[in-house]
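Residue numbers for the sequence shown, in our numbering: 23 to 411.
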Amino acid sequence: MMDIAQQAAINPASARYAAAGRARVPLTAVDPGQWRALAQRAIEPNGYYLPGWELAVSATARGRTDASALTAFDGPSARLIGLMPVISLWRASRIPLPALVSAHPYGTLCSPLLDRGAPVEAATRLLQQARAAGAHALVLTDVALDGAAMTALNQVLNRDGLRPRALSSYVRASLDATQDGDALLREALGARKLKELRRQRHRLEENGPVTFEVARGRDEIGPALETFLQLEASGWKGKRGTALVQHAGDATFIRRAVPALAETAQCEIISLRAGATAVAAGIVLRHQDRAFFFKLGIDERFAKYSPGVQLTLDLTRHLCADPAIASADSTASADHPMINPIWRRRLAIGDVLVPLRRNDPVVTLIHGALAAHGAAYAAARRAVRLLRK
Numbered sequence: 023m024m025d026i027a028q029q030a031a032i033n034p035a036s037a038r039y040a041a042a043g044r045a046r047v048p049l050t051a052v053d054p055g056q057w058r059a060l061a062q063r064a065i066e067p068n069g070y071y072l073p074g075w076e077l078a079v080s081a082t083a084r085g086r087t088d089a090s091a092l093t094a095f096d097g098p099s100a101r102l103i104g105l106m107p108v109i110s111l112w113r114a115s116r117i118p119l120p121a122l123v124s125a126h127p128y129g130t131l132c133s134p135l136l137d138r139g140a141p142v143e144a145a146t147r148l149l150q151q152a153r154a155a156g157a158h159a160l161v162l163t164d165v166a167l168d169g170a171a172m173t174a175l176n177q178v179l180n181r182d183g184l185r186p187r188a189l190s191s192y193v194r195a196s197l198d199a200t201q202d203g204d205a206l207l208r209e210a211l212g213a214r215k216l217k218e219l220r221r222q223r224h225r226l227e228e229n230g231p232v233t234f235e236v237a238r239g240r241d242e243i244g245p246a247l248e249t250f251l252q253l254e255a256s257g258w259k260g261k262r263g264t265a266l267v268q269h270a271g272d273a274t275f276i277r278r279a280v281p282a283l284a285e286t287a288q289c290e291i292i293s294l295r296a297g298a299t300a301v302a303a304g305i306v307l308r309h310q311d312r313a314f315f316f317k318l319g320i321d322e323r324f325a326k327y328s329p330g331v332q333l334t335l336d337l338t339r340h341l342c343a344d345p346a347i348a349s350a351d352s353t354a355s356a357d358h359p360m361i362n363p364i365w366r367r368r369l370a371i372g373d374v375l376v377p378l379r380r381n382d383p384v385v386t387l388i389h390g391a392l393a394a395h396g397a398a399y400a401a402a403r404r405a406v407r408l409l410r411k
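See below:
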């Protein structure tokens, strides 16, 4: 209905930016080679903003299509040094005010890609592009609050006398993969809990030998993905209608993204089998030295053996044994009952309102509208939870 390029009706001062397409471009217009090279140089890993993933999301994923990008280039070399996928505030929240919002890449991390060789310059130019698009604010959703990308953005904002506003925050589980996996699990869970999990695993072995498998190659990644999709749809997500395979656009996205990232060794599918039966499976992305645990599906017929926990224990050992991985982001919700007791490190995640001009009254309007929208959304979620009880 209404986008940044149409904001003259709301804010006449922005009319000169009517050609907003020149300031932000379709994701498909970003050179994929430049994007991949930037991802290799990024100051902070984000597997969900890798081109193979985010382009697939923007192409077909339900409610997430047609994202644009703010881009930053190094002047002398024309090298891409910054990229931030965005949509308008109207598309994100149906709020008709001039702001841009992080494009949600399905995974819960939207930290932008900034070149580690010029993070402040990249952040500066991204903010300039947002202004040129007619935006008065950026709404950064699900960013790592203590991450290197947010640190660079804060440096630019402090220099320019701009104060970001925290909208919400929480902490979620992450893994220090530099430790010995078995030692980490003993410290996290304790001898008694591990003994109970071993007992459950022995019971699971009554259905056949229990094996942990990792699918990476072209020939194995497709069948492994289909196994994951079937498991996810067979559980509570399928009952609620939120499994990936239940929506054509989502199914197309994941079947495009996983093989694309597997080609560059940036995605693997893990599974736990009892004999020939897959009892749990998950998708893991890799970017630089960090892994991202995207989703988990289990066969609920085996729920009494804790298949999701069993798979996560094996994943923990797998990542800790890999010298290329230093940490893993659970990308889970706050206080997640399964992974929080296992991965004991915490990562601060939040939504931040970034003003683009000093003393701008429009930013106050945007902040108030976002607060009201957040309160209404929280009330709706509480009502849904009550109805499901």
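Beta carbons are placed, not taken as given, at the ideal position from N, Cα and C, and that holds for glycine.
Pull up the CB-CB distance for residue i and residue j, whole angstroms please, since I reckon it's below 8 angstroms.
i: I364; j: T386; result: With 8 angstroms as the limit, I364 and T386 do not qualify as a contact, their Cβ atoms being about 43 angstroms apart.
i: A303; j: Q332; result: Going by Cβ atoms, the distance from A303 to Q332 rounds to 12 angstroms, so no, they are not a contact pair.
i: A296; j: G230; result: 5 angstroms
i: R312; j: A279; result: In fact, because the Cβ distance is near 18 angstroms, the residues do not count as touching under 8 angstroms.
Determine the direct distance from the alpha carbon of residue j to that of residue i, and round the result to whole angstroms.
i: D373; j: S190; result: 5 angstroms
i: R339; j: P54; result: 34 angstroms
i: E228; j: L318; result: 23 angstroms
i: L135; j: V108; result: 13 angstroms
i: I320; j: L253; result: 5 angstroms
i: R380; j: L197; result: 39 angstroms
i: F324; j: D241; result: 28 angstroms
i: Y128; j: L122; result: 18 angstroms
i: R17; j: P281; result: Since the displayed the chain opens at 23 and closes at 411, residue 17 lies outside it and no answer follows.
i: A171; j: L160; result: 14 angstroms
i: E235; j: D336; result: 9 angstroms
i: K217; j: D202; result: 19 angstroms
i: L105; j: E143; result: 12 angstroms
i: L294; j: A114; result: 37 angstroms
i: R138; j: T173; result: 12 angstroms
i: P245; j: A300; result: 12 angstroms
i: D204; j: L219; result: 13 angstroms
i: N176; j: A166; result: 12 angstroms
i: S328; j: T233; result: 15 angstroms
i: A398; j: R187; result: 20 angstroms
i: L392; j: L49; result: 26 angstroms
i: H395; j: R116; result: 9 angstroms
DSSP on residue i, reduced to helix/strand/coil?
i: R240; result: helix
i: I292; result: strand
i: I276; result: helix
i: Y192; result: strand
i: I117; result: coil
i: D204; result: helix
i: A166; result: strand
i: A265; result: coil
i: R138; result: coil
i: T93; result: strand
i: P73; result: helix
i: A270; result: helix
i: G43; result: Note that G43 has pLDDT 40, beneath the 50 cutoff, so the model's placement of it is unreliable and no number is given.
i: V376; result: strand
i: A83; result: coil
i: G396; result: helix
i: S256; result: helix
In the DSSP assignment, what are the bridge partners of residue i?
i: L307; result: C289, F314
i: V123; result: I109, V161
i: I320; result: A302
i: E248; result: Its beta-bridge partners do not exist; DSSP assigns none.
i: E235; result: S293
Is it buried or exposed for residue i, if we count other Cβ within 10 angstroms and need 16 for buried?
i: W57; result: buried
i: W112; result: buried
i: G330; result: buried
i: G272; result: Note on identity: in this sequence residue 272 is Asp, with Gly being the wrong assignment. Burial call: buried.
i: H309; result: buried
i: S90; result: buried
i: P98; result: exposed
i: G85; result: exposed
i: E76; result: buried
i: A290; result: Note that residue 290 is Glu in the sequence shown, not Ala. The residue in question, E290, is buried, as its Cβ has 16 or more Cβ neighbours within 10 Å.
i: T200; result: exposed
i: T353; result: buried
i: N68; result: buried
i: H224; result: exposed
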